[in-house]
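Chains as they are written, first to last, in the numbering used here: chain A, 32 to 140; chain B, 1415 to 1550. We treat Cβ as the ideally placed atom computed from N, Cα and C, and that holds for glycine. Quantities reported herein were computed from a predicted structural model and do not represent experimental measurements. The block underneath contains the structure these notes are about, expressed in structure tokens.
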């Protein structure tokens, strides 16, 4: 499992992507991240909620209360129009970043 | 499940009360419960599940900084203290220098030696000044 700073810088995009696919609540997202990365990356809850706060402040996501489950009402998040635009932009940015880094990292094995 | 609730309460203890704090606290509590149930479904004992959820939570400071509770509080105190130290050092060194000048003039006005201890003493306010400036 890696806990790299490089991933940290992209947590907003990762979480936005998951919310973009469908509205989700906190635990679901952290679980999705573990499952999709085959447990190679796990997000700490503290980090996750900090990112939610940030995204919500930037109006990239918004929240609403869903059905009651263990321990209370689930707080779901949905992506906003702004969030979608932002996600698209970061995806484009990432593609370019990847290309640039690849120029220097490829063929070293 | 009380253990989870208590733990979340502890985590948020030193965050000033606000509506935002209560909302996020409730959210974290709810999701941790959900995690514990999920882990139990996967075959963990309740005790183990709770401990795992707590251990994996991570560092509350991240949320604190999002809620605007920066560690600035601590910094402000440190700057304040450094300022007091600086003031003390300035007054202290002035008194010492004045005393030296007085002794010099009173007992041996023909030789001016008070400059030597003065230079030695000046290190004190100087170091305090730079410490204060560094923190500021």
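For the 9 angstroms CB-CB criterion, residue 114(A) and residue 90(A) form a contact. Counting C-beta pairs closer than 8 angstroms gives fewer than three between the region 53-68 of chain A and the region 127-135 of chain A, which falls short of the contact rule.
For residue 89(A), the secondary structure class from DSSP, reduced to helix, strand or coil, is coil. For residue 103(A), the uninterrupted beta strand (DSSP E) run begins and ends at 103-110, by DSSP. The criterion of a C-beta distance shorter than 9 angstroms is satisfied by residue 1510(B) and residue 1531(B). With respect to chain A, the C-beta atom of residue 1437(B) has a partner C-beta closer than 9 angstroms. Below 8 angstroms, enough C-beta pairs join the region 1491-1503 of chain B and the region 1530-1547 of chain B to call them touching: three or more. Between residue 100(A) and residue 1459(B), the gap from beta carbon to beta carbon reaches 9 angstroms or more.
The Cβ-Cβ distance between residue 86(A) and residue 107(A) does not fall below 9 angstroms. Taking C-beta atoms as the reference points, residue 97(A) and residue 1443(B) fail to come closer than 9 angstroms.
With distances taken between CA atoms, residue 44(A) lies nearest to 118(A) out of 118(A), 112(A) and 70(A). By the C-beta criterion, the region 1458-1478 of chain B is judged not to be in contact with the region 118-128 of chain A, since fewer than 3 inter-stretch pairs fall below 8 angstroms. Nearest C-alpha to residue 1490(B) among 1418(B), 1426(B), 1549(B) and 1432(B): 1549(B). Per DSSP, reduced to three states, the secondary structure at residue 1457(B) is coil, with no helix or strand assignment. Exposed is the label assigned to residue 1521(B), since fewer than 16 other Cβ atoms lie within 10 Å of its Cβ. A contact between stretches requires three or more CB pairs, one per stretch, nearer than 8 angstroms, and the region 58-73 of chain A fails this requirement with the region 1421-1435 of chain B.
Residue 1428(B) has a beta carbon lying at 9 angstroms or more from every beta carbon in chain A. Here residue 1420(B) is not near residue 77(A), since their CB atoms are 9 angstroms or more apart.
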